[in-house]
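According to our numbering, the sequence shown holds residues 433 to 774 in order.
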Amino acid sequence: MTALSSTAPADAPAALDRCRSLVRPALAAAVARLHPWVGEMAAYSLGWCEVGGTPAVGQGGKGGKGVRQALAVLGAEAAGAPARAGVAAAVAVELVHVFSLLHDDIMDGDEARRGRPAVWKAYGTGPAVLAGDALFALAVETLAEQPGGAHAVRTLSAALSDLVRGQADDLLFAARPWTGPERVTPDEYRAMAEHKTGALLGCSAALGAVLGGTDPGTAAALDRAGRHLGVAFQIVDDVLGIWGDPAVTGKPVHGDLRERKKTLPVLVALGTPAAGQLARLLDTDPQAAAELIERAGGRSAALDEARRHLAAVESALAGVPLRTTAVDELRSLLAFLVSREL
């Protein structure tokens with residue numbers, strides 16, 4: 433597979449910058465419609481300002497990478513949808529993404545995001561929930577106002593239902609044992625990853641095409657590609673959560689093991705004869721557990737599975753007629769997103 437190679441394409445960051453610049457005015461206009469206090473929290477969560485509304489400086493003022501909004505723009509362009517459809521879809525998915533992060537940080541108790549206090553730490557739990565709710569409502573309103581918006585709202589709603597299902601499973605996994613009949617299986621993990629991570633990436637890739645009236649087959653192919661990308665992305669994130677360089681990931685060494693996360697490398701290794709020893713180490717010695725997971729094949733099996741999902745992305749994109757220039761840029765972005773470990 434050459435289109436999604438292990439080396440991050442040089443033009444992928446350029447695609448992110450181009451799409452972010454295209455979407456930023458519409459996203460800012462949408463946020464400006466919120467109650468001023470809620471709008472400040474939204475701007476803070478997007479990285480545009482500090483607490484109190486003072487503009488953020490340097491790279492912080494750009495916000496996040498804008499991955500989902502880029503997928504929305506590039507998916508729309510690849511499908512031949514109008515530019516306004518791609519921008520509106522990008523605004524909606526970015527608002528939903530930020531909404532999900534606000535609530536995730538509260539559920540997980542994460543006190544920081546992107547090197548700053550999480551919104552719930554900076555403003556309080558209640559205000560952060562309110563801001564998340566407002567962003568969700570604004571995303572739906574953004575789509576509903578567009579021509580063909582009803583179909584797009586249904587598409588977004590279906591993705592959100594999957595996202596909630598995946599988040600619920602992920603939270604429940606934490607209370608289940610490492611071994612025995614109640615343990616989390618790799619198949620359960622795959623379903624969780626597709627719902628929690630893949631659903632919104634699939635929606636991002638397809639939503640602009642849907643809003644632009646693209647044929648259902650093309651929109652479905654873009655959604656499939658995004659979902660497979662989401663699973664690959666989640667698996668790579670799992671690998672980095674155990675073995676990644678903290679200077680690159682921003683996470684502590686073996687952080688996911690210390691938090692007892694049921695990630696794919698762990699679940700694969702727990703299906704081998706090393707399960708008993710590994711279960712004990714997971715509760716006592718994260719470093720030794722990481723070494724045993726690797727010896728038992730958990731790391732290599734997880735990365736092999738991520739590569740299979742990338743091959744499925746390529747198959748989905750190859751199965752429908754798409755505009756060559758836009759789809760090449762889309763492919764470069766997809767490769768960039770998962771090149772951290774592959």
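Ideal Cβ positions, reconstructed from N, Cα and C, are used throughout, including at glycine. Quick caveat: nothing in here was measured; it's all calculated off a predicted structure.
Bridge partner(s) assigned by DSSP for residue i
| i | result |
| --- | --- |
| residue 544 | 549 |
| residue 451 | According to DSSP, which records beta bridges pairwise, residue 451 is partnered with nothing at all. |
| residue 481 | 487 |
Neighbourhood of residue i by C-beta, 7 Å cutoff - its chain only, sequence neighbours within 5 removed
| i | result |
| --- | --- |
| residue 700 | 618, 729, 730, 733, 734 |
| residue 559 | 473 |
| residue 759 | 510, 749 |
| residue 475 | 463, 481 |
| residue 437 | Legend: pLDDT at residue 437 = 36, less than 50; position of this residue unreliable, no value from coordinates given. |
| residue 689 | 674, 714, 718, 721, 722 |
| residue 707 | 611 |
| residue 755 | 509, 510, 512 |
| residue 554 | 476, 483 |
| residue 671 | 697, 731, 734, 735, 773 |
Own chain residues within Cβ distance below 6 Å of residue i, not counting five before or after
| i | result |
| --- | --- |
| residue 631 | 591, 594, 595 |
| residue 660 | 741, 744, 745 |
| residue 513 | 640, 641, 644, 646 |
| residue 704 | 728 |
| residue 452 | 498 |
| residue 536 | none |
| residue 609 | 615 |
Residue i and residue j closer than 7 Å at C-beta
| i | j | result |
| --- | --- | --- |
| residue 523 | residue 446 | no |
| residue 400 | residue 738 | The requested residue 400 does not occur in the structure, where the chain is confined to residues 433 to 774. |
| residue 488 | residue 498 | no |
| residue 637 | residue 503 | yes |
| residue 477 | residue 561 | no |
| residue 654 | residue 507 | yes |
| residue 570 | residue 534 | no |
| residue 649 | residue 572 | no |
| residue 711 | residue 611 | yes |
| residue 663 | residue 606 | no |
| residue 762 | residue 510 | yes |
| residue 658 | residue 673 | no |
| residue 530 | residue 518 | no |
| residue 575 | residue 563 | no |
| residue 665 | residue 588 | no |
| residue 566 | residue 698 | no |
Anticipated Cβ contact below 8 Å, residue i with residue j, distance rounded
| i | j | result |
| --- | --- | --- |
| residue 483 | residue 635 | Rounded, the Cβ-Cβ distance is 31 Å, inconsistent with contact. |
| residue 709 | residue 696 | The pair is not a contact, with the Cβ atoms about 19 Å apart (cut-off 8 Å). |
| residue 627 | residue 597 | 5 Å |
| residue 500 | residue 702 | 32 Å between Cβ atoms; not a contact. |
Spatial neighbours of residue i in its chain, beta-carbon cut-off 8 Å, leaving aside the 5 residues before and after
| i | result |
| --- | --- |
| residue 620 | 601, 605 |
| residue 684 | 678, 690 |
| residue 652 | 638 |
| residue 516 | 578 |
Point to revise | alpha helix (DSSP H) runs wholly inside the segment 624-665, at least 4 long, in chain order | key: 631-643
Point to revise | Length-filtered (4 minimum) alpha helix (DSSP H) runs lying within the segment 714-755 | key: 718-727, 730-750
Point to revise | Segments assigned alpha helix (DSSP H), at least 4 residues, entirely inside the segment 573-607 | key: 581-605
**Study point:** Complete runs of the alpha helix (DSSP H) confined to the segment 495-538 [at least 4 residues]
**Key:** 499-510
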